[in-house]
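Chemist: The listed protein sequences derive, respectively, from chains A and B. All the letters of the first sequence, read from the start, carry residue numbers 35 to 462 under this note's numbering. All the letters of the second sequence, read from the start, carry residue numbers 7 to 105 under this note's numbering.
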Amino acid sequence: MGILSTIVNWLLGLGSSLLVMIVLIILGLIFRVGWQKAVRGGITTGVGLAGLFLVVNLIISALQPAVAEMATRFGISKTFVDVNWADAGIAWGWPGIAGLIVTLLIVNILMVVFKLTKTLWTDVWSYWHGSALAGFVWALTDGNVVLGIAAGVLYLVLGSLMSDLTAKKYQEFNDMPGIGVPCGTTVQASLFAMPVVWLLDRIPGIKDWDASPEGIKKRFGLVGEPGVLGFILGAIIGIFAYGTTSGDLGLTKILGLGMNVAVMMMVLPRMVSIIAEGIVPITMSIVQYMRERFKDRELYVAVDCAVLLGHPAVMASSVILFPLCVLLAAILPGVQMLPIASLAVIPFWAGAVVPYTKGNVVKTVIVLLLYSIPFMYFSTLTVDSHTAAFQMMGQYGEQIAQGLKLASWDMGGDILGFFIQRLFGLFG
Amino acid sequence: MGKLIVVACGAGINTSTIAEDSIRERMAKEGFTDVEVKRILMADIEGYLTRTDLVMIVSMMKIFRTFDVPVIQGMPFLIGSQTEKDVLLDKIVDVVKKV
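1) Kindly list, in the order they appear in chain B, the residues whose Cβ is closer than 8 Å to that of Ala310 of chain A.
2) Please compile the residues from chain A whose C-beta is within a distance smaller than 7 Å of the C-beta of Phe73 of chain B.
3) What residues of chain A sit near Lys2 of chain B, judged by a beta carbon separation below 7 Å?
4) Going along chain B, which residues have a C-beta under 7 Å from Asp209 of chain A?
5) Which partner residues does Tyr334 of chain A have in the DSSP bridge list?
6) How many Å lie between Leu366 of chain A and Val64 of chain B at the Cα?
7) What residue from A:Gly344, A:Ser319, A:Val306 has the CA that sits closest to Pro247 of chain A's CA?
8) For chain A, is any of its Cβ atoms less than 7 Å away from the one on Asp27 of chain B?
9) Evaluate Pro303 of chain A with the Cβ neighbour count: other Cβ atoms within 10 Å of its Cβ, from every protein chain shown; 16 or more gives buried, anything less gives exposed.
10) Under 6 Å Cβ to Cβ from Met142 of chain A, same chain only, skipping five residues before and after it: list those, please.
11) In or out: Ile250 of chain A buried (at least 16 other Cβ within 10 Å) or exposed?
12) How long is the line joining the alpha carbons of Lys35 of chain B and Ser51 of chain A, rounded to whole angstroms?
13) Would you identify the three-state DSSP class for Gly214 of chain A, choosing helix, strand or coil?
14) How is the beta strand (DSSP E) around Ser65 of chain B delimited, first residue to last?
15) Find out if the Cβ-Cβ distance for the pair Ile380 of chain A, Ser352 of chain A is shorter than 7 Å.
16) Contact criterion: CB-CB distance below 7 Å. Does Ile85 of chain B meet it with respect to chain A?
17) So with CB distances below 9 Å, who are the chain B contacts of Lys329 of chain A?
18) Can you grab the Cα-Cα spacing for the pair Glu52 of chain B / Leu60 of chain B, in whole Å?
19) Return the chain-ordered list of same chain residues with a C-beta closer than 8 Å to the C-beta of Leu468 of chain A, the five sequence neighbours on each side being excluded.
20) Please check if any C-beta of chain B sits within less than 7 Å of the C-beta of Pro389 of chain A.
21) Taking a Cβ distance cut-off of 8 Å, strictly less, list which residues of the segment 329-351 of chain A are near chain B, in chain order.
22) So the candidates are A:Gly437, A:Asp338, A:Ser413, A:Gln436; which of them puts its Cα closest to the Cα of Leu167 of chain A?
23) Would you mind stating whether Gly76 of chain A and Met104 of chain A have Cβ atoms separated by less than 7 Å?
24) Tell me, please, whether the segment 253-266 of chain A touches the segment 79-89 of chain A by the rule of three or more beta-carbon pairs shorter than 8 Å.
25) Can you tell me which of B:Phe38, B:Ile98, B:Ala49 puts its alpha carbon nearest to the alpha carbon of Pro76 of chain B?
26) What residue range is occupied by the uninterrupted beta strand (DSSP E) comprising Ala14 of chain B?
27) Quick one: what's got a C-beta closer than 7 Å to Gly49 of chain A's C-beta in the same chain, skipping five residues either side?
28) Under 7 Å between C-beta atoms, does Met7 of chain B make it to chain A?
29) Going by DSSP, what residue range makes up the beta strand (DSSP E) through Val43 of chain B?
30) So, Val388 of chain A versus Val348 of chain A, is the Cβ gap smaller than 7 Å?
31) Over the uninterrupted alpha helix (DSSP H) stretch that includes Thr78 of chain B, give me the two end residues.
32) Since Thr58 of chain B and Ala340 of chain A should fall inside the 8 Å C-beta cutoff, what is the C-beta to C-beta distance between them, to a whole number of angstroms?
33) Label Gly16 of chain B either buried or exposed according to how many other C-beta atoms from any shown protein chain fall within 10 Å of its C-beta, with 16 as the threshold for buried.
34) Can the beta-carbon of Met305 of chain A be found closer than 7 Å to that of Val57 of chain A?
35) For the segment 354-433 of chain A, list the alpha helix (DSSP H) runs that are entirely contained and at least 4 residues long, ordered along the chain.
36) Counting Cβ pairs, one atom from each stretch, are 3 or more of them under 8 Å apart for the segment 214-227 of chain A and the segment 388-399 of chain A?
Dropping the structure here:
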């Protein structure tokens with residue numbers, strides 16, 4: 035026991051980049067992808083993770099003083115820093131990741147064998163939704179890895195059941211037979227959309243109201259570019275925080291914040307993409323194995339929510355939603371995070387909703403504006419476990435000690451994730 | 007001049023990586039050294055359409071528009087059997103050879 039705990043402590047002390055590198059190399063060897071692929075994948079993911087934390091560090095040092103300044107000057111208490119997909123860093127870097135992957139694979143195979151679900155959880159990358167939640171629960175229970183894994187697996191299992199309910203609709207609308215999309219906040223958006231769309235279809239006036247996706251894209255398409263959107267939002271926050279404070283009316287600081295937020299909006303997803311570049315090739319053999327094992331059954335093969343983004347109404351609805359969501363978060367009392375990085379998740383929600391609104395832009399916007407409200411409150415309510423997870427992984431300790439709070443919509447604001455966190459909090 | 011294949015998906019994170027990996031492996035096997043396989047965001051596609059070395063778009067989602075270069079649906083890379091993947095890769099090799 036003594037030696038084992040010494041080894042475990044040494045491994046944890048390595049930090050998440052090195053830890054994930056070792057974990058992936060071992061997983062790669064277990065899944066027999068060959069040692070070259072395993073080593074390359076492990077190192078690539080470690081690099082992506084380190085890069086991700088660097089970018090988040092940049093945004094914290096730019097955004098935190100600004101939101102604090104805004105609070106002192108105007109009493110606007112929106113002081114949580116939005117890190118959104120940095121949660122993928124928690125997901126792949128927390129100590130239970132390997133256990134979670136293996137447990138979910140076993141549970142999913144059992145569920146398919148006993149016909150409890152039709153969704154084959156082959157898309158290992160998308161486990162990150164459950165794994166990030168697992169990381170929060172791990173932090174919430176003072177480092178209980180087993181409870182973390184249990185929470186993450188529960189979340190992903192419920193995801194496969196939700197995928198069963200939505201698969202047919204996704205397949206028809208996107209012309210992709212055989213797929214299912216069990217991704218966290220995306221598939222929940224579909225379930226949310228069902229009753230709301232039913233209701234909207236019964237309200238005269240709204241029933242037939244639509245807008246042309248092409249027209250919207252032409253006029254507002256620029257706002258859909260992450261860099262442009264980030265620059266605008268950063269500069270607006272900068273005006274509130276630093277406007278008229280110095281000789282040049284604060285212009286240097288305002289533009290500087292705009293640039294920093296633009297950097298985050300463009301570089302953060304790139305870093306997540308590097309993490310994926312390492313993980314995906316290592317886990318591909320799992321897909322092949324599971325496909326072949328169940329080739330005689332009619333099953334839905336899990337794919338990433340990105341495949342739902344093809345319809346023109348997706349981006350058209352998103353560019354309308356970006357400013358509306360920021361405004362709503364600014365107005366709603368008790369909401370402490372202004373969404374910036376989190377806006378990036380909106381197109382994925384839209385992809386899950388347009389099959390239900392039949393590509394109607396107006397209805398998609400209404401559904402998602404309502405859907406974003408619980409995310410605003412839940413991301414505020416889960417901020418402590420969220421921040422603690424970063425701290426326990428050895429990130430941003432100094433700033434957190436000085437009162438920094440980190441939040442996100444995807445996965446911090448996740449509706450199902452919120453209730454699972456509350457449930458497992460009872461054990462903590 | 008080199009040949010460029012872009013693999014486009016919604017986020018440029020996960021699904022395109024899967025296809026990119028398979029295509030690269032096959033290109034290496036065929037001995038094509040001048041083929042560049044690049045994954046991109048579907049939203050960024052405009053910038054690549056003007057490139058003269060672009061020979062093909064592999065799309066990981068349904069696209070609701072047309073292009074001058076051949077477009078191949080990459081979904082079998084995600085959910086297809088090995089045979090289906092090989093058929094798709096053969097198709098890609100054919101296009102590359104013809105250019």
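Heads up, the beta-carbon is just placed ideally off N, CA and C, and yes, glycines get one too. Please read all numbers here as calculations on a predicted model, not as lab measurements.
Modeler: By the coordinates alone:
1) Those are Ile19, Asn20, Thr23, listed as they occur along chain B.
2) Chain A residues near Phe73 of chain B: none, gap ~14 Å exceeds 7 Å.
3) An answer regarding residue 2 of chain B cannot be provided, because it is not within the stretch 7 to 105 covered by chain B.
4) Per Cβ cutoff of 7 Å: Lys68.
5) Answer is A:Thr153.
6) Their Cα atoms are separated by approximately 43 Å.
7) When each option's Cα is compared against that of Pro247 of chain A, the closest is A:Gly344.
8) Residue-level contact by beta carbon holds for Asp27 of chain B and chain A, with a gap shorter than 7 Å.
9) It is buried - the Cβ of Pro303 of chain A has at least 16 other Cβ atoms within 10 Å.
10) Reading off the sequence, residue 142 of chain A comes out as Asn, not Met. Around Asn142 of chain A: Trp155.
11) Classification for Ile250 of chain A: buried.
12) Whole-angstrom Cα-Cα distance: 32 Å.
13) Of the three classes helix, strand and coil, the one that applies to Gly214 of chain A here is strand, per DSSP.
14) For Ser65 of chain B, the uninterrupted beta strand (DSSP E) segment begins and ends at 60-65.
15) For Ile380 of chain A and Ser352 of chain A, yes; Cβs fall inside 7 Å.
16) Yes - at least one Cβ of chain A is within 7 Å of the one on Ile85 of chain B.
17) Within chain B, the residues near Lys329 of chain A are Ser87.
18) Going from the Cα of Glu52 of chain B to the Cα of Leu60 of chain B covers about 12 Å.
19) The structure shown has nothing for residue 468 of chain A, since chain A only spans 35 to 462.
20) No, because no Cβ of chain B sits closer than 7 Å to the Cβ of Pro389 of chain A.
21) Only those residues of the segment 329-351 of chain A whose C-beta falls short of 8 Å from the nearest C-beta of chain B are listed: Lys329, Val335, Val337, Asp338, Cys339, Ala340, Val341, Leu342, Leu343, Gly344, His345, Pro346, Met349.
22) Considering only alpha carbons, the answer is A:Ser413.
23) The Cβ-Cβ distance between Gly76 of chain A and Met104 of chain A does not fall below 7 Å.
24) With the rule of 3 Cβ pairs closer than 8 Å, the segment 253-266 of chain A does not count as touching the segment 79-89 of chain A.
25) Considering only alpha carbons, the answer is B:Ile98.
26) For Ala14 of chain B, the enclosing beta strand (DSSP E) stretches over residues 9-15.
27) The answer, listed in chain order, is Gly428.
28) So, not an interface residue.
29) Where Val43 of chain B is concerned, the enclosing beta strand (DSSP E) stretches over 41-47.
30) Yes, they are a contact pair.
31) In the sequence as displayed, the identity of residue 78 of chain B is Ile instead of Thr. Per DSSP, Ile78 of chain B is not a residue of any alpha helix (DSSP H); the beta strand (DSSP E) it occupies stretches across 77-79.
32) Not really, about 28 Å apart at Cβ, beyond 8 Å.
33) It is buried - the Cβ of Gly16 of chain B has at least 16 other Cβ atoms within 10 Å.
34) Between Met305 of chain A and Val57 of chain A, the gap from beta carbon to beta carbon reaches 7 Å or more.
35) Qualifying alpha helix (DSSP H) stretches, in chain order: 380-391, 395-415, 417-426.
36) As far as the Cβ criterion goes, the segment 214-227 of chain A touches the segment 388-399 of chain A, which means the pair count is three or higher.
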